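Participant:
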Amino acid sequence: MRIIGVNNLFINNKFNYNSKEKAQILNKPSYTDTFVNSQVYFTGTTINVFKLMKQVKQLTKAEALAQGYIPVYTAGSLHKALSRAKESTIHGCNTEDVQKYLNTPRQKIILMKDIKLDKTKQINWVPIETFGGDFNGNGHKISGLRINQPQNNNVGLFKSIKNAKIENLILEDVNVVGVNNTGAIVGINNYNFNNTSDLLLKLPIENCLVNGTVIGNNKVGGMAGNITNAVVVNCIANVKVIGSECVGGLIGNSNYSDIKDSISNSVVSGKMRVGGCIGYNVVSSLENLTSKGSVKGERFIGGVIGYTYWSNATKCINKSTVSGIDSVNQIFGEKAEFDNIIDCVEKGKILITKYSP
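Those letters in the sequence shown? Residues 7 to 363, per this note's numbering, in order.
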């Protein structure tokens, strides 16, 4: 077996690397090649974009307070404020109950300036356990997010979210390492299929941008690892994403969600169900998604979505180079017979690779 680059990252589908290699990943995010079992898994560079998709009129302190926000200026106060915004329960199971919940005062946090985590005591960020409030980045950026939890699931700025809204946020120069359900913004959103109100309430991750590196095993995404009944809109990911299964530039695994008007300028690599925007997708609305980086894996590799089931892709564009062995395509790597490609554009390249002897 010939292995160069970041050695022993995934060998025989196991997440494994030593401390020296881990330090190289965290401190040198500009690496370009990873070989596992003589197969190229990761190559290329991201297209760096540092502007939010929608321009934000930044609120002043007076305006933020008038709208019920808690202003945040430092890394220490950021972690404390986010930790206090616990998820609350929706009482009832119809649209009126959901609207009543939305009208109830809840924790609202807003950034009032850029925060550099790598220059503070918060350099090793402890993911927020469960966030259930509103977080408005206010067009500001959090830079230097470092999370090194190679034995843990549900890893990100937020370990999990429930009934939360996240908007107008820039995460710059992130280095996030986890196992399953790993993403820069959120690892997983908590969702209860038995709670009808969870079906009715969809709060968005909106107008966010992420730049950096995210590494995990299954359900790994540049922004979010694993989402259900969620909305992602007007987001941009410039991320190097490495995983094994269900790996995407924006989202690793998506279920019953609305994902639209977003761009992935990402370099994405994995083994199965790997996509430029989404790795694995079930019964979701996919519209106006663009993939511009590179996507590499073995089976079910798609320029936009790796594997999809019961979903339509409308007005999606692939400009990525897509490399794999089996089920490799520009929009969907593989799709069920019920899935349709509507008004999508294929401008990328397909490279069919083979196992090396």
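For each residue, glycine too, the CB sits at the ideal point set by N, CA and C. In this text the structure is predicted, and so the values were computed from the model without any measurement.
Could you tell me the distance, in whole angstroms, from the CA atom of Asn324 to the CA atom of Val274?
Facilitator: Taking the sequence shown and counting its residues from 1, the one referred to as residue 324 is at position 318. Taking the sequence shown and counting its residues from 1, the one referred to as residue 274 is at position 268. If I take the Cα positions, the gap works out to 14 Å.
Participant: Ordered along the chain, which non-local residues of its own chain (more than five positions away) have a Cβ less than 7 Å from that of Lys67?
Facilitator: Counting from one through the sequence shown, the residue named residue 67 turns up at place 61. Closer than 7 Å at Cβ, skipping near neighbours: Pro77 and Met118.
Participant: Sort out for me which residues DSSP pairs Ser300 with in a bridge.
Facilitator: Translated into positions along the sequence shown, residue 300 becomes position 294. Beta-bridge pairing links Ser300 to Val273 and Thr327.
Participant: So who's on the other strand from Glu293, going by DSSP bridges?
Facilitator: Counted from its first residue, the sequence shown places residue 293 at position 287. DSSP lists Lys266 and Thr320 as partners of Glu293.
Participant: Determine whether the beta carbon atoms of Val310 and Ser297 lie at a separation below 8 Å.
Facilitator: The residue you call residue 310 lines up with position 304 of the sequence shown. The residue you call residue 297 lines up with position 291 of the sequence shown. Yes, the pair counts as a contact, with Cβ atoms nearer than the cut-off.
Participant: Go through its chain and collect everything with a Cβ distance to Glu135's Cβ below 8 Å, but skip five positions before and after it.
Facilitator: What you label residue 135 is simply residue 129 of the sequence shown in a count that begins at 1. Cβ neighbours of Glu135 beyond the five flanking positions: Ser89, Lys165 and Ser166.
Participant: Nearest-angstrom Cα distance between Asn144 and Ala236?
Facilitator: The count along the sequence shown starts at 1 and reaches residue 144 at position 138. The count along the sequence shown starts at 1 and reaches residue 236 at position 230. Cα to Cα, Asn144 sits roughly 21 Å from Ala236.
Participant: Going by the CB atoms, is the gap between Gly138 and Ala81 shorter than 8 Å?
Facilitator: Within the sequence shown, residue 81 is the residue found at index 75, counting from 1. Within the sequence shown, residue 138 is the residue found at index 132, counting from 1. Not a contact, by the Cβ cut-off of 8 Å.
Participant: Does the beta-carbon distance from Gly228 to Val239 come in below 8 Å?
Facilitator: The residue given as residue 228 occupies position 222 in the sequence shown. The residue given as residue 239 occupies position 233 in the sequence shown. No, they are not a contact pair.
Participant: Hey, quick one: how far does the alpha helix (DSSP H) through Ser83 stretch, first residue to last?
Facilitator: Against the sequence shown, residue 83 aligns to sequence position 77. Ser83 -> alpha helix (DSSP H) spans Ala81 to Arg90.
Participant: So what's Lys208 in DSSP terms, helix, strand or just coil?
Facilitator: In the sequence shown, the residue the question calls residue 208 occupies position 202. Lys208 falls in the coil class under three-state DSSP.
Participant: Should Cys283 and Gly255 be called a contact, given that it needs their Cβ atoms to be closer than 8 Å?
Facilitator: As a position in the sequence shown, residue 283 is number 277, starting the count at 1. As a position in the sequence shown, residue 255 is number 249, starting the count at 1. Yes, the pair counts as a contact, with Cβ atoms nearer than the cut-off.
Participant: What's the call for Asn130, buried or exposed, on a 16-neighbour Cβ count within 10 Å?
Facilitator: Looking up residue 130 in the sequence shown gives position 124. The residue is exposed, with fewer than 16 neighbouring Cβ atoms inside 10 Å.
Participant: Taking 8 Å as the cut-off, decide whether the C-beta atoms of Gly303 and Gly330 are in contact.
Facilitator: Here residue 303 is taken as the residue at index 297 of the sequence shown, counted from 1. Here residue 330 is taken as the residue at index 324 of the sequence shown, counted from 1. Yes, these two residues count as a Cβ contact at 8 Å.
Participant: Quick one: what's got a C-beta closer than 6 Å to Asp140's C-beta in the same chain, skipping five residues either side?
Facilitator: As a first step, residue 140 must be located in the sequence shown, where it is residue number 134. Cβ neighbours of Asp140 beyond the five flanking positions: Lys114 and Lys171.
Participant: For Phe344, count the other beta carbons within 10 Å of its own beta carbon; 16 or more makes it buried, fewer makes it exposed. Which is it?
Facilitator: For the purposes of this step, residue 344 is taken as residue 338 along the sequence shown, with counting starting at 1. So Phe344 counts as exposed.
Participant: State the DSSP-derived secondary structure class of Ala243, mapped to helix, strand or coil.
Facilitator: Position 237 of the sequence shown, counted from the first residue, corresponds to residue 243. Correct three-state label for Ala243: strand.
Participant: Please confirm whether Gly285 and Cys252 have their CB atoms less than 8 Å apart.
Facilitator: Numbered from its first residue, the sequence shown carries residue 285 at position 279. Numbered from its first residue, the sequence shown carries residue 252 at position 246. Yes, the Cβ-Cβ distance between Gly285 and Cys252 is below 8 Å.
Participant: Classify Val132: buried if its beta carbon has 16 or more other beta carbons within 10 angstroms, exposed otherwise.
Facilitator: In the sequence shown, residue 132 corresponds to position 126, counting from 1. It is exposed - the Cβ of Val132 has fewer than 16 other Cβ atoms within 10 Å.
Participant: For Glu173, does the count of other Cβ atoms within 10 angstroms reach 16, so buried, or fall short, so exposed?
Facilitator: Translated into positions along the sequence shown, residue 173 becomes position 167. Label assigned to Glu173: buried.
Participant: Quick check: what's the CA-CA separation for Ser290 versus Asp179?
Facilitator: Taking the first residue of the sequence shown as position 1, residue 290 is located at position 284. Taking the first residue of the sequence shown as position 1, residue 179 is located at position 173. If you take the alpha carbons of Ser290 and Asp179, they lie about 30 Å apart.
Participant: Do Asn159 and Asn186 have their CB atoms nearer than 8 Å?
Facilitator: Position 153 of the sequence shown, counted from the start, is the residue given in the question as residue 159. Position 180 of the sequence shown, counted from the start, is the residue given in the question as residue 186. Yes, the Cβ-Cβ distance between Asn159 and Asn186 is below 8 Å.
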